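I have placed the structure first, in the form of structure tokens, so that the comments after it can refer back to it.
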Amino acid sequence: MINLDVLIMGQPYRLACRDGEQKTLREAVAYLDAKMCALRDSGKVRGTDRIAVMAALSVAAEFLSVKSPQGPLSDMTMMEVKQKLESMHAVLDSVLAPQENLL
């Protein structure tokens, strides 16, 4: 195993990967970092946890739409996917808000 030091939204992380997989992992980190920074910079999503969850949902939706054209997202337009993600964001807001008040 090889350890890679990476930055995601300016935060350092040490990740382990198999020899020969460094390039793929760095590409994944760069993709995730771009998604998370775009969400942060939009000002619509606040808090690192929320940004991470919304980025994960976005990446998962992209993956599912590419992976399985006949899958659950195949009949949805991009607008419908966006609306579904925004709905998930609203649910996250309602669940995470009480936790933020405790900090």
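Following this note's numbering, the numbering of the sequence shown begins with -8 at its first residue and continues without gaps.
Backbone N, C-alpha and C fix where the C-beta goes; we use that ideal spot for every residue, glycine too.
Only a predicted model underlies this, so the values are computations on that prediction, with no experimental measurement involved.
- Under the DSSP assignment, V36 falls outside any beta strand (DSSP E); it carries neither an H nor an E label.
- Within the DSSP secondary-structure output, A19 pairs in no beta bridge.
- Per DSSP, D(-4) is one residue of the beta strand (DSSP E) stretching across -7 to -1.
- Looking at the backbone, the Cα of K26 and that of K14 are separated by about 18 Å.
- Proximity to A47 across E71, L76, D32 peaks at L76, based on C-alpha coordinates.
- A straight line joining the alpha-carbon of L55 with that of E71 spans about 14 Å.
- Residues of the same chain with a CB within less than 6 Å of the CB of A7, apart from the 5 flanking positions on each side, are M(-8), N(-6) in chain order.
- Rounded to the nearest angstrom, the gap between the Cα atoms of A52 and D10 is 29 Å.
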